[in-house]
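Numbering (the working numbering), first residue to last: 55 to 193.
Here a beta-carbon is modelled for each residue, glycine too, at the ideal position from N, C-alpha and C.
These numbers come from a predicted model, not from an experiment.
The next block holds one structure in the form of C-alpha cells; read it before the comments.
Put into C-alpha cells, the structure is as follows:
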C-alpha cells in the first residue's frame, strides 16, 4: 500500500474526511482559492500582454537618399523594446542611426548603403526581425 497523507502515520497532517464539517470547510476554501487565482489571471492578463511585442506598421517616406531622415511607425517601439533599426537586403543588415525614438515611432537616418530596395528591420533583445516593409534608397 502506498503512503498518502491520509494513511501515513508519520505524516503530521491528517486530512478531514469528506462529508464532515471540517472537510466541507476545507473544500470550500480550496475552491475559493482556485476561483480567486483564476479571476486574478483573467484580470491581469490584459495588463501583462498590453506590453506586447513591437510591431512596425509603416515607413514614411517609402524612399529616400543616404542620410535622409525616415520615420518608422508602429506600436511598442520605445527604447525599452527596440534597440536598433536596420535596412536589410538578402545578405546584410545595415544599422540606421536613431535620431528620435518614441513608443509609436522611430526617426532614423538612412545608412550608407548602395541604391536599391531594402526591408525595414528592428532589433528586439538579441534578435533582428525583418519586416515586410520596403524602403528604396535612391542615388
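- Ranked by Cα distance from residue 167, the first of 180, 159, 79 and 143 is 143.
- Between the C-alpha atoms of residue 88 and residue 106 there is a straight-line separation of about 27 Å.
- Comparing alpha-carbon positions, the option among 119, 158 and 79 lying closest to residue 169 turns out to be 119.
- For the options 180, 176 and 79, the alpha carbon positioned closest to that of residue 186 is the one of 176.
- Non-local beta-carbon contacts of residue 139 in its own chain, meaning distances under 8 Å to residues more than five positions away in sequence, involve 126, 149, 150, 152, 160, 162, 174, 175, 176 and 177 in chain order.
- Of the other Cβ atoms in all chains shown, fewer than 16 fall within 10 Å of the Cβ of residue 179; this residue is therefore exposed.
- With a 10 Å radius around the Cβ and a threshold of 16 neighbouring Cβ atoms, residue 112 comes out exposed.
- DSSP, read as helix, strand or coil, puts residue 168 in coil.
- Bounds of any beta strand (DSSP E) do not take in residue 192, whose DSSP letter is neither H nor E.
- Under a 10 Å Cβ-count criterion, residue 108 is classified as buried, with 16 or more other Cβ atoms of the shown protein chains found around its own Cβ.
- Note that the C-beta distance between residue 131 and residue 165 is not below 8 Å.
- The bridge partners DSSP lists for residue 181 are 178.
- Separation of the CB atoms of residue 154 and residue 129 is rounded to 17 Å, and the pair is thereby denied contact status at 8 Å.
- In the DSSP annotation of this structure, the continuous segment of the beta strand (DSSP E) that includes residue 141 starts and ends at 138-142.
- The residue among 156, 82 and 115 with its C-alpha nearest the C-alpha of residue 134 is 156.
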